[in-house]
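Counting in my numbering, the final residue of the sequence shown is number 287, and the numbers go up one at a time with none missing. We put the beta carbon where it would ideally sit given N, CA and C, even for glycine. To start, the structure itself, in structure tokens.
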Amino acid sequence: MKISIKVMAFLLLGSSISSLVLADEAVVPRVLPSVAIEPIKPTINAEDIAKKLANPIANMISVPLQYQFSRGIGKNQGGSEQTLLFQPVIPFNLGGGDTFVVRPIVTGVRETSIQGPNGQSASGYGIAGVTVESFYAPNTNSSWIWGIGPYAQSPSGNSGHYGSQQTGAGVTAVALNRDGPWTYGLLGFQSWSVGGNPTFGTQNNLFGEPFIAYTTKSAFTFVSNMQAQYNYDSRRTSNPLYVGVSKVEVIDGVPISLAAGPIYYLSNTPGGPSGWGGRATVTLVIAK
Numbered sequence: 000m001k002i003s004i005k006v007m008a009f010l011l012l013g014s015s016i017s018s019l020v021l022a023d024e025a026v027v028p029r030v031l032p033s034v035a036i037e038p039i040k041p042t043i044n045a046e047d048i049a050k051k052l053a054n055p056i057a058n059m060i061s062v063p064l065q066y067q068f069s070r071g072i073g074k075n076q077g078g079s080e081q082t083l084l085f086q087p088v089i090p091f092n093l094g095g096g097d098t099f100v101v102r103p104i105v106t107g108v109r110e111t112s113i114q115g116p117n118g119q120s121a122s123g124y125g126i127a128g129v130t131v132e133s134f135y136a137p138n139t140n141s142s143w144i145w146g147i148g149p150y151a152q153s154p155s156g157n158s159g160h161y162g163s164q165q166t167g168a169g170v171t172a173v174a175l176n177r178d179g180p181w182t183y184g185l186l187g188f189q190s191w192s193v194g195g196n197p198t199f200g201t202q203n204n205l206f207g208e209p210f211i212a213y214t215t216k217s218a219f220t221f222v223s224n225m226q227a228q229y230n231y232d233s234r235r236t237s238n239p240l241y242v243g244v245s246k247v248e249v250i251d252g253v254p255i256s257l258a259a260g261p262i263y264y265l266s267n268t269p270g271g272p273s274g275w276g277g278r279a280t281v282t283l284v285i286a287k
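Rendered as structure tokens:
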């Protein structure tokens, strides 16, 4: 009997100790290793951005800075001209896929050894006016799209060296097709003079720019366009032909397009650029 009592006491003691141990383990929290969760960065499609840059009314904010060199200017065609064009493209969503696109254009000019009608040469720099192009572009549910809107251009200044001293107003329009890697169409405007000094040229102009572009999967774009402008008063046309190539690169998450190519003037106005020139453009894209 005494042995049985000792055995039972021993078993009760062991059970109590086990319960205490299990209870102590139950209150000890288990610490899991921490895992760093990185935010998911949106994927930037360089090919898609390159195609949109070939479209003048794409629903994408872009800020191009274009440098152009032209020669054969002046009475003796011995002068040269450098221009720096700032032309942001700003779209506004109107709902239902419709957009309104505004393209303000500011052009700075540097002229060297330009011979005037009096035979004297002059050099200098200034602003060649400010232009505003705008397009209402409805959703067409098609590869073909179009846009139309008001156009305005300010006078170039008081000297007359960098363009007309008249104010221009009119209408601008574009129609284009996006066919796979191809983008092609026609952009143009009709401008009328609404006042100012006509001595250094008028704003009675008709402008047409047929363009075609081919974009590769590696975001290279090969483009050609003609920017023909006919002045009703001088009855002459300036028509530079441009052929170039551009490449979209993504630098630290920011898409940037680099472009360059030669220009040849198929026709020119009296004293205007002639022969060969060149153009280079850097475009910053603000991806949504």
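For residue i and residue j, I'd like the C-alpha separation in whole angstroms.
i	j	result
glutamine 152	serine 223	25 Å
glycine 94	methionine 59	15 Å
alanine 22	asparagine 44	Confidence in alanine 22 is poor, its pLDDT being 43 and thus under 50, which makes the residue's placement unreliable; the coordinate value appears in the next sentence. Their backbone Cα atoms lie some 58 Å apart in a straight line.
valine 281	isoleucine 56	18 Å
lysine 74	tyrosine 161	15 Å
glycine 78	arginine 70	6 Å
arginine 177	isoleucine 89	20 Å
glutamine 226	threonine 236	10 Å
leucine 205	aspartate 251	42 Å
asparagine 203	glycine 195	12 Å
leucine 175	serine 120	43 Å
Can you have a look at residue i and say buried or exposed, based on whether 16 or more other CB atoms are within 10 angstroms of its CB?
i	result
asparagine 318	Because residue 318 is not part of the residues shown, which for the chain are 0 to 287, the question remains open.
glycine 271	buried
glycine 184	buried
arginine 234	exposed
glutamine 165	buried
isoleucine 72	buried
glutamate 80	buried
lysine 51	buried
proline 63	buried
glutamine 67	buried
threonine 82	buried
Residue i and residue j: beta carbons closer than 8 Å?
i	j	result
alanine 136	tryptophan 143	no
alanine 168	serine 190	yes
methionine 240	isoleucine 262	A quick correction: the sequence has leucine, not methionine, at residue 240. Closer than 8 Å, so yes.
threonine 98	alanine 127	no
glycine 118	glutamate 110	no
phenylalanine 91	tyrosine 150	no
isoleucine 104	threonine 130	yes
asparagine 230	leucine 265	no
alanine 258	alanine 279	yes
phenylalanine 210	leucine 186	yes
Contact defined as beta carbons within less than 8 Å: I believe residue i pairs with residue j. What is the distance between those atoms, to the nearest angstrom?
i	j	result
isoleucine 48	valine 247	5 Å
threonine 201	aspartate 232	5 Å
alanine 218	threonine 182	Incorrect: roughly 14 Å between the Cβ atoms, too far for contact.
Does the CB of residue i have a neighbour CB from chain D at under 8 Å?
i	result
tyrosine 183	Reference to chain D is not applicable here, since this structure consists of a single protein chain.
**OP:** Go through the segment 216-262 residue by residue and report every complete run of the beta strand (DSSP E) that reaches 3 residues or more, in order.
**Re:** 219-225, 227-230, 235-250
Subject >> Inside the segment 37-105 only - alpha helix (DSSP H) runs reaching at least 4 residues >> reply: 45-52
Subject >> beta strand (DSSP E) segments (min. 3 residues) lying fully within the segment 112-193 >> reply: 120-136, 143-152, 164-178
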